[in-house]
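Structure record follows, encoded as C-alpha cells.
2 protein chains.
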Amino acid sequence: MEGNFTYCNPTKIYFGEGALENLTDELKKYGKVVQLIYGGGSIKKNGIYEKVVNILKKCEKNIVEDGGVMPNPTNEKLIHGVQIARKNHVDLLLAVGGGSVCDYAKAVSVSVHCKEDPWKKYYIDFEEPDCPILPVGCVLTMVGTGSEMNAGSVITNHAEKLKIGHVFGSEVMPKFTVLDPTFTYTVPLRQMVAGIYDAFNHICEQYFSGEDDNVSDDLSEALMRSIVKNSRKALKDPLNYEARSNIMWAATWALNTFLSRGKTTDWEVHMLGQAVGAYTDATHGMTLSAVSLPYYRHILPYGVKKFARFAREVWGISEEGTEETIANKGLEALDNWMKELGVARDLTSLGVTENMIEGIADATRVMDGGYHVLTRPEIVEILKESL
Amino acid sequence: MEGNFTYCNPTKIYFGEGALENLTDELKKYGKVVQLIYGGGSIKKNGIYEKVVNILKKCEKNIVEDGGVMPNPTNEKLIHGVQIARKNHVDLLLAVGGGSVCDYAKAVSVSVHCKEDPWKKYYIDFEEPDCPILPVGCVLTMVGTGSEMNAGSVITNHAEKLKIGHVFGSEVMPKFTVLDPTFTYTVPLRQMVAGIYDAFNHICEQYFSGEDDNVSDDLSEALMRSIVKNSRKALKDPLNYEARSNIMWAATWALNTFLSRGKTTDWEVHMLGQAVGAYTDATHGMTLSAVSLPYYRHILPYGVKKFARFAREVWGISEEGTEETIANKGLEALDNWMKELGVARDLTSLGVTENMIEGIADATRVMDGGYHVLTRPEIVEILKESL
C-alpha cells in the first residue's frame, strides 16, 4: 500500500431477491416528498415501477415524477431535474434504474441548493459542493457502473461536446441501495454485456496503475476472475441467480473506492470512451470495449510486468515465454472474452467516422497516474486503430 | 451470493505513515472529554502515547486516563471503564492499541448508558443496545483482530470461565480509525505472528462455510495469498513498509463484515480458541493456531471440495490426485506456513493440561453454519489431538 489514503463508504446495501422490502424502513428516515427518478420507462414494463410506487404510497410519500433520464444524462436534463426538486421541496431523490439514473440523481443532489452553475462548478472546475446535499437512495436495475455505491457522477454537455465525470466525497454517496439480482433479468443482452465489460474495465483501470505489489492487485484479480467466470454462466443462462448475483456484487466493489486505495490511477480507457460517448451517444460499456485493445497494446511496453501478471492470474496463462509474450497472450485472452461477450471491438460499429477523430481527441482528457501519459498524436493513433 | 444480506460499514479509515495527523480534524466532531484507552503501556515506550496526547492537548480536550486494558479484557475491567466514563461525562472513547483495546472500547461504548448488567445483556443474552452509544475512535498499534473496522467485541469473564464475543450492529463500529503501519513496527515478533495468524484464520472461518461459489470465496483467496506472501517478507524484514502495510489492510478487510456477506459461518476455530483463552489467558491468535489443524482435519471429509480448492488457489498446489489427497496437501501447506511463522501448533505449549479438557469443552459454543456441527465428544477429541 504505497500511498496514504482515506477510505469511507457509508452506503447501506440491501442485497438479494426481495430486498426491495427494506425500502419501507429506509423511507421512514426521510421527509414526505420523494422525487422518483428513472429512465426510458422499462421499469414500467417489468413491474419494478409499480412495486416501488406501491411502497412509496404505503409509506404516505408524495411522489414527484422525474422519468426520462437518458443513457448519458445531459446538462439540460440536470437543469430540469433541479427545477423539479426546488419547486416541490423534495426531501429524497430515489433513483430506480442503472448507472445513468444514479449518476443523474447525485448530480441533482449537489445542485438543488447550489447557487452557481452546477455544470461549470462541478464538471468544468471540479469544485466540491459547499451547499446542503439532498439524500439519494438507489434501486439498481442494471449492473456495471458501480454508481450505486460511489460518489461518481458523469454528465454530458452536448452543446460543448463534453462528457465529464466528477468523483465527489463520501457525503454524496447514496444513503442506501437496493441490489436485487432478479431486477436485472429483463435487461437486454446487449446492455447486460456492456455492463459486464464496464465493471471489468473499472477494475483494469485501477489494476494497470502503480507498479507496487498491493493487496488491491490481488483483490482486483479475484474480482476479474469472478466476473469472467460468472459472465460465461450468465451468457448461457441469463436467469442463473448465482451468476447474476455474483456479477452484481463484484461490479459494485469494482468501483466503490475500495480497489483504488493506495494506487495511482489515470482512467485513460474511460477518458477515451467518454470522449467517444460525447460524440456518438453510444452505450458507455461499448465505448470502453471498442478502444481497450488498441490502448492496452499501446501502453503494454510501459507496464510489461503487470500485463504478464494479468495474463497469468486472470486468464490462467501458464506457458513459458518472455514477459512480453505472456503479456500479449493476456490481451489476446481479453480480446477472445470480448468476442464471447459480444461487446463492440471497434469504433466504426458505434458510428464513429474518421472525420470525428480530431474532435474526439480534443475531448479526451489525459491524467497522470498510469504507465504512460498519452500525447495528442498517440490519442489520434489509438482512436484510428480502434476504427 | 446465496443468502440475502445487508452491508453497511461507515468507519472512516486514515491509512499510511503519518496518518495520525488526521486525528486533529476528527476530534473537532466530538465534545471536550476524551477517555484515552490503552493497554499495558507499550505505547508509552514507543512514543505513540505522547503523540496522541499532544494532539489531544492541542485540540484542548480533557483527557481521562483508562490504561491497563489486558490482552483478554475482563468483565471487571469493563465495569471499571464504565464507571470512569460515567463519572467524567465522557464524549469520545479513544482506543490506542490492538484488538483487545478496541474490543474493550466498544464494550464500554454500549454499556455507559445501559441500565442493565452489560455482561448479561450483551454477552450472555446477545441482546442489542437500546441506549445511546458513545462514539469510539481507534488508533491501531497491532494487526490481526479486525476490531478497528467492525462491531465485534470479546469480553472474558474469569468468574464464569467464559470468553464471549458479540457482533453488534454497524452503529457500534468505530467512527474513525487511524492505521499507520509504522506503529506496528515495535510489536514483538510473537505478537506479530499471532496477529497474522488471527487475520488469516478470520478468512478461513468465512471461507470454509457455505458450499456456493461466491465472489467472497475469490476475494478470500486473494486476501489469504496476500497475507501469506507478505508475512514471509515481514518475517525476513520486519521493517518492510510494503509488507506491513499490506498485512494491515488485508487484516482489516478479513473481518469487517465484507467477506461474510452471503455466506453462512460457524466460527468454530474461534469458538474452540476462545474457550481455551478463558482457561489459559493465552494470546488469542495462538489459541487459534493450536486447534486449527486438528479441527480442519476433522471437518475435511464434510467439505472436501472446498479444502481442495483452498489447496490449489491459496497454496498453489498443482499436482494431480483425488480431491481428498489435494485437500490434505493444502492442510500440510498450512501447517508448514504455521511452522515458518512460529505460531503455537499445540495446546500444551499454551499451558493447557489434560485435566482442563472437559472444562474447555463445556465452554466451547457450537453454532450452525459450517460443514459440520460438532458434538461434545468430537470437541473433546479435537482438543485432545491439539495437546
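If you're matching them up, the sequences are chains V and B in order.
Here the numbering used here is used: the first residue of the first sequence is 1, the next is one more, and so on.
Here the numbering used here is used: the first residue of the second sequence is 388, the next is one more, and so on.
Think of the CB as a built atom: it goes at the ideal place given N, C-alpha and C, for glycine as much as any other residue.
A quick note: this is a predicted structure, and the numbers were derived from the prediction, not measured.
Please report the Cβ distance between residue i and residue j, rounded to the nearest whole angstrom; I am assuming they are in contact, meaning their Cβ atoms lie under 8 Å.
{"i": "Gly664 (chain B)", "j": "Lys550 (chain B)", "result": "5 Å"}
{"i": "Val526 (chain B)", "j": "Val477 (chain B)", "result": "With 8 Å as the limit, Val526 (chain B) and Val477 (chain B) do not qualify as a contact, their Cβ atoms being about 17 Å apart."}
{"i": "Met673 (chain B)", "j": "Thr571 (chain B)", "result": "So it is not a contact: roughly 18 Å between Cβ atoms."}
{"i": "Ser220 (chain V)", "j": "Gly370 (chain V)", "result": "15 Å between Cβ atoms; not a contact."}
{"i": "Gly426 (chain B)", "j": "Val488 (chain B)", "result": "5 Å"}
{"i": "Asp749 (chain B)", "j": "Leu675 (chain B)", "result": "Wrong, their Cβ atoms sit about 19 Å apart, outside the cutoff."}
{"i": "Ser386 (chain V)", "j": "Val269 (chain V)", "result": "11 Å between Cβ atoms; not a contact."}
Any idea which residues DSSP pairs residue i with across the strands?
{"i": "Tyr425 (chain B)", "result": "B:Val483"}
{"i": "Asn544 (chain B)", "result": "B:Leu549"}
{"i": "Gly152 (chain V)", "result": "V:Val167"}
{"i": "Val420 (chain B)", "result": "B:Asn449"}
Applying the 10 Å Cβ sphere with the 16-neighbour rule, what's the burial state of residue i?
{"i": "Leu239 (chain V)", "result": "exposed"}
{"i": "Arg376 (chain V)", "result": "exposed"}
{"i": "Leu259 (chain V)", "result": "buried"}
{"i": "Asn214 (chain V)", "result": "buried"}
{"i": "Gly3 (chain V)", "result": "exposed"}
{"i": "Glu148 (chain V)", "result": "buried"}
{"i": "Gly468 (chain B)", "result": "buried"}
{"i": "Asp103 (chain V)", "result": "buried"}
{"i": "Arg612 (chain B)", "result": "buried"}
{"i": "Phe200 (chain V)", "result": "buried"}
{"i": "Phe176 (chain V)", "result": "buried"}
{"i": "Ser349 (chain V)", "result": "exposed"}
{"i": "Asn355 (chain V)", "result": "exposed"}
{"i": "Leu521 (chain B)", "result": "buried"}
{"i": "Lys306 (chain V)", "result": "buried"}
{"i": "Phe126 (chain V)", "result": "exposed"}
{"i": "Gly144 (chain V)", "result": "buried"}
{"i": "Pro505 (chain B)", "result": "buried"}
{"i": "Leu189 (chain V)", "result": "exposed"}
{"i": "Ala698 (chain B)", "result": "buried"}
{"i": "Glu408 (chain B)", "result": "exposed"}
Which stretch, first to last residue, makes up the beta strand (DSSP E) that contains residue i?
{"i": "Pro397 (chain B)", "result": "392-402"}
{"i": "Asp599 (chain B)", "result": "Here Asp599 (chain B) belongs to no beta strand (DSSP E), and DSSP marks it neither H nor E."}
{"i": "Gly137 (chain V)", "result": "136-140"}
{"i": "Leu179 (chain V)", "result": "176-179"}
Shorter than 7 Å from the beta carbon of residue i to some beta carbon of chain B?
{"i": "Tyr7 (chain V)", "result": "yes"}
{"i": "Tyr424 (chain V)", "result": "With chain V covering 1 to 387 only, the question about residue 424 (chain V) has no answer from this structure."}
{"i": "Ser245 (chain V)", "result": "yes"}
{"i": "Met173 (chain V)", "result": "no"}
{"i": "Ala278 (chain V)", "result": "no"}
{"i": "Ala151 (chain V)", "result": "no"}
{"i": "Pro238 (chain V)", "result": "no"}
{"i": "Ala250 (chain V)", "result": "yes"}
{"i": "Val215 (chain V)", "result": "yes"}
{"i": "Met1 (chain V)", "result": "yes"}
{"i": "Ala222 (chain V)", "result": "yes"}
{"i": "Pro10 (chain V)", "result": "yes"}
In the DSSP assignment, the alpha helix (DSSP H) including residue i goes from what residue to what residue?
{"i": "Thr776 (chain B)", "result": "Nothing can be reported for residue 776 (chain B), as the shown portion of chain B is limited to 388 through 774."}
{"i": "Phe310 (chain V)", "result": "304-315"}
{"i": "Ile79 (chain V)", "result": "75-88"}
{"i": "Glu452 (chain B)", "result": "Segment 449-453 is the beta strand (DSSP E) holding Glu452 (chain B); no alpha helix (DSSP H) there."}
{"i": "Val53 (chain V)", "result": "48-58"}
{"i": "Asn328 (chain V)", "result": "323-341"}
{"i": "Asp130 (chain V)", "result": "Run containing Asp130 (chain V): none; DSSP gives neither H nor E here."}
{"i": "Thr186 (chain V)", "result": "Counting along the chain, Thr186 (chain V) falls outside any alpha helix (DSSP H), and DSSP gives it neither H nor E."}
{"i": "Ser534 (chain B)", "result": "First-last for Ser534 (chain B): undefined, no H or E at that position."}
{"i": "Ala406 (chain B)", "result": "Ala406 (chain B) -> no alpha helix (DSSP H), and no H or E assigned at all."}
{"i": "Met248 (chain V)", "result": "241-254"}
{"i": "Gly359 (chain V)", "result": "357-363"}
{"i": "Gly672 (chain B)", "result": "671-686"}
{"i": "Pro388 (chain V)", "result": "The question about residue 388 (chain V) has no answer, for chain V in this structure spans 1 to 387."}
At least one CB of chain V closer than 7 Å to the CB of residue i: is that the case?
{"i": "Met457 (chain B)", "result": "no"}
{"i": "Leu521 (chain B)", "result": "no"}
{"i": "Asn391 (chain B)", "result": "yes"}
{"i": "Asp777 (chain B)", "result": "Residue 777 (chain B) lies beyond the stretch modelled for chain B, which goes from 388 to 774, so this question has no answer here."}
{"i": "Pro516 (chain B)", "result": "no"}
Looking at chain A, is there any beta carbon in it that lies within less than 7 Å of the beta carbon of residue i?
{"i": "Ser226 (chain V)", "result": "Although the question refers to chain A, the structure presented lacks it and instead comprises the protein chains V and B."}
Does the ligand NAD have a heavy atom nearer than 6 Å to the CB of residue i?
{"i": "Ile379 (chain V)", "result": "Absent from the structure shown: the ligand NAD. Ligands present: none."}
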